[in-house]
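Written out below as structure tokens is the structure these notes cover.
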Amino acid sequence: MTGPLAALEVRLGHVFARPALLVEALTHPSYLNEHPDAGPHNQRLEFLGDAVLGQILTTELFHAFPGEPEGALSRRRSVLNNGRTLAELALGLGLDTALRLGGSENTPEGRTRPSSLEDAFEALVGALYLDAGPDTTRARVLSIYGPLHERLATGLVTDNPKGRLQELVQPIHGNTALRYETVQSGGVDHAKEYVSTLYLAERPLGTGRGLSKKTAEEAAAREALHAHALGGVI
2 MTGPLAALEV RLGHVFARPA LLVEALTHPS YLNEHPDAGP HNQRLEFLGD
52 AVLGQILTTE LFHAFPGEPE GALSRRRSVL NNGRTLAELA LGLGLDTALR
102 LGGSENTPEG RTRPSSLEDA FEALVGALYL DAGPDTTRAR VLSIYGPLHE
152 RLATGLVTDN PKGRLQELVQ PIHGNTALRY ETVQSGGVDH AKEYVSTLYL
202 AERPLGTGRG LSKKTAEEAA AREALHAHAL GGVI
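Residue numbers (our numbering): 2 to 235.
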């Protein structure tokens, strides 16, 4: 295999014994509109890969966070296999350069469309599973993700850290368990600095600084989310 597909195999760390599986995984449905005899598109492999990826991540999280309840494990898994994460992993592998697209999809915008990248990544996992079996697939998937604790820490710190933290805390501790204590720590009137300490009941979870109460509280929530992703208890 040559060109983008060979380069992808190098990045993936696996040379396909059945190269047609890799081609199928990278064939967007739009490609068949112009090339109807080009073979199947990637949606069946996507279906398989979604299930395989879910099993790998579920098993890894089950062992990485012993004693954690089902709801918390599900939230961690959703960080690891949501569309944004899968699209980022696909870009990291260079799937955008290897996709077979047709028509209006065969553009720079189409090649970086998150939904297409997500589908291709799951299809690639399905193709790898059929070509190499479960053990190799697990090893390659975990290598692509890198340390799951670090991936979780990145994914949990969202654009709405206070809301995300509330979602984690509410099922266990109720609606009013989180409390922010925010004070002005210095600075002149036009550049005030605030410090916020976040408490769960009376236990401090995080501290943040900002030029407004809102940004200070968000920084405190991000610190708490980061600690939770690395194995801290909420």
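Beta carbons are placed, not taken as given, at the ideal position from N, Cα and C, and that holds for glycine.
The structure presented is a predicted model; accordingly, all values stated were derived computationally and were not measured.
In terms of residues, what are the limits of the alpha helix (DSSP H) holding residue i?
i	result
LEU143	135 to 146
THR60	44 to 65
LEU166	162 to 174
GLY111	109 to 112
GLU10	4 to 13
ALA99	96 to 99
ALA26	20 to 26
In angstroms with no decimal places, state the Cα-to-Cα distance between residue i and residue j.
i	j	result
ALA178	ALA228	18 angstroms
LYS193	LYS215	12 angstroms
GLU168	LEU54	24 angstroms
GLU25	HIS36	13 angstroms
LEU199	GLY147	30 angstroms
ALA221	ALA154	14 angstroms
GLY14	PRO67	30 angstroms
ALA39	VAL80	35 angstroms
ASN83	SER117	13 angstroms
PHE63	ASN34	43 angstroms
SER186	THR208	13 angstroms
Can you tell me whether residue i is buried or exposed, with buried defined as 16 or more other CB within 10 angstroms of its CB?
i	result
SER31	buried
ALA124	buried
HIS42	buried
PRO70	exposed
GLY156	buried
ARG19	exposed
HIS29	buried
ILE57	buried
ARG180	exposed
In the DSSP assignment, find the beta strand (DSSP E) that holds residue i and state where it starts and stops.
i	result
GLU69	Note, GLU69: premise wrong, no beta strand (DSSP E); not H, not E.
Strictly by DSSP, which residues pair up with residue i?
i	result
SER197	THR183, GLY209
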